[in-house]
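> After the C-alpha cells below, expect a handful of questions from me.
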Amino acid sequence: MLSDLLWAIVKSVFSLFAVACLLRAYLQWLRVHPLNPLSQSLFPLTNWIVLPLRRVFRGKTFDWASLIAAWITACVAVLLLLLLASELILRVGEEPMLVLSCVALLASIWLAGWALQLVLLLVIAQALMSWFGASPNAATLRVLLDSMAEPFVRPIRQLLYRGAPRGIDFSPLLVLIGIQILLAIQDRLEHRLVMKLLTPL
0 MLSDLLWAIV
10 KSVFSLFAVA
20 CLLRAYLQWL
30 RVHPLNPLSQ
40 SLFPLTNWIV
50 LPLRRVFRGK
60 TFDWASLIAA
70 WITACVAVLL
80 LLLLASELIL
90 RVGEEPMLVL
100 SCVALLASIW
110 LAGWALQLVL
120 LLVIAQALMS
130 WFGASPNAAT
140 LRVLLDSMAE
150 PFVRPIRQLL
160 YRGAPRGIDF
170 SPLLVLIGIQ
180 ILLAIQDRLE
190 HRLVMKLLTP
200 L
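Here it is in C-alpha cells:
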C-alpha cells in the first residue's frame with residue numbers, strides 16, 4: 000500500500016516534469032515568442048537538463064533536446080518503478096538487453112500518453128476560453144491557447160466542414176474522442192509491458 004502511494008507520487012512528479020519539457024519543445028516548434036509567460040515559467044524549471052543536452056542534440060526547427068529530456072525523464076520513472084517493486088537488479092541480471100529494451104519502450108509509451116493528455120487539456124482549455132474568456136484581460140491567454148490547440152483541431156474542422164463551421168463547432172469534441180481512444184490503446188500497451196517487467200521469468 001505504501002509503495003503504491005509512493006509510486007503514484009513519484010510518477011505524478013516525473014510526468015509533470017516531462018510535460019514541461021514537451022511543452023517547451025512544442026512552443027519552440029510553434030515559434031511562440033520566448034518572452035511569453037508560459038515559456039518564462041518553463042525555462043528555469045527545465046534549463047538544467049535541456050541546455051546540456053542541446054550541446055549534443057541541436058536543431059533549428061525543433062527542440063530535440065527538450066524532447067529527449069522528456070524521454071529520459073520517462074526512462075528514469077520506469078527504473079524507479081522497478082526499484083520500488085524490487086525487480087530492477089534481479090531482472091537486469093537475468094536478461095539485461097530485454098529489460099533495457101522494455102524500459103525504453105515503456106518510457107516511450109508513457110511519454111506518448113503524457114503528450115496525449117497534454118493535448119486533451121489544451122483542447123478543453125481552448126473550448127472553455129472560447130465560451131468564458133471574452134474578457135480583454137484573458138486575450139493574451141486565449142491567443143496562446145489557440146496557437147497551441149489549433150494544430151490539432153484545425154485539420155478535423157477542415158475535414159468536417161470544408162471551411163468555416165456554421166453553428167456549433169463539433170471538431171474539438173471529435174478530437175477529444177479520438178484522444179480518448181488513443182489513450183485507451185496506450186493504457187493497454189502500458190499494462191502489458193508493466194506486467195512483462197514485473198512478472199518473474
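Going by numbering that gives the first Met the number 0, 95 is the number at position 96 of the sequence shown; the sequence numbering is gapless. Every residue gets a Cβ at the ideal spot worked out from N, C-alpha and C, and that includes glycine. As the structure is a prediction and not an experimental result, all values here were calculated from the model.
Examine the Cβ distances between the region 150–161 and the region 74–83 and report whether three or more of them are shorter than 8 Å.
The region 150–161 is not in contact with the region 74–83.
> Please go through the same chain and pick out, in chain order, the residues whose beta-carbon is closer than 7 Å to the beta-carbon of residue 188, but skip the five residues on each side of it.
For residue 188, same chain residues with a beta-carbon under 7 Å away, outside a window of 5 residues either side, are 108 in chain order.
> What are the boundary residues of the alpha helix (DSSP H) that includes residue 36?
Here the alpha helix (DSSP H) through residue 36 covers 36–53.
> Would you call residue 72 buried or exposed, if buried means 16 or more other Cβ atoms sit within 10 Å of its Cβ?
buried
> Just to confirm my understanding: we take residue 48, look at its own chain, exclude 5 residues before and 5 after, and list those with CB closer than 7 Å. What are they?
68
> Pull up the distance between the alpha-carbon of residue 30 and that of residue 180, whole angstroms please.
About 29 Å.
> Here's the rule I'm using: 16 or more other beta-carbon atoms within 10 Å means buried, otherwise exposed. How should residue 147 be labelled?
buried
> Quick check: the region 117–129 against the region 170–185, are at least 3 beta-carbon pairs closer than 8 Å?
yes
> Compute the Euclidean distance between the alpha carbons of residue 37 and residue 16, then round it to the nearest angstrom.
14 Å
> Taking 7 Å as the cut-off, does the CB of residue 12 come closer than this to any heavy atom belonging to the ligand ZN?
Among the components modelled here there is no ligand, and therefore nothing to report on the ligand ZN.
> Report the option in 56, 110 and 97 whose CA atom is closest to the CA atom of residue 19.
110
> In whole angstroms, what separates the C-alpha of residue 74 from that of residue 40?
24 Å
> DSSP on residue 71, reduced to helix/strand/coil?
In the three-state scheme derived from DSSP, where H, G and I count as helix and E and B as strand, residue 71 is classed as helix.
> Suppose you measure from the CA of residue 105 to the CA of residue 6; what does that come to, to the nearest Å?
16 Å
> According to the neighbour-count rule (16 or more other Cβ atoms, all chains shown, within 10 Å of its Cβ), is residue 130 buried or exposed?
exposed
> Is residue 31 helix, strand or coil when you go by DSSP?
Look at residue 31 here: in three-state DSSP terms it is coil, with no helix or strand label.
> With respect to the alpha helix (DSSP H) encompassing residue 155, which residues constitute its N-terminal and C-terminal limits?
138–160
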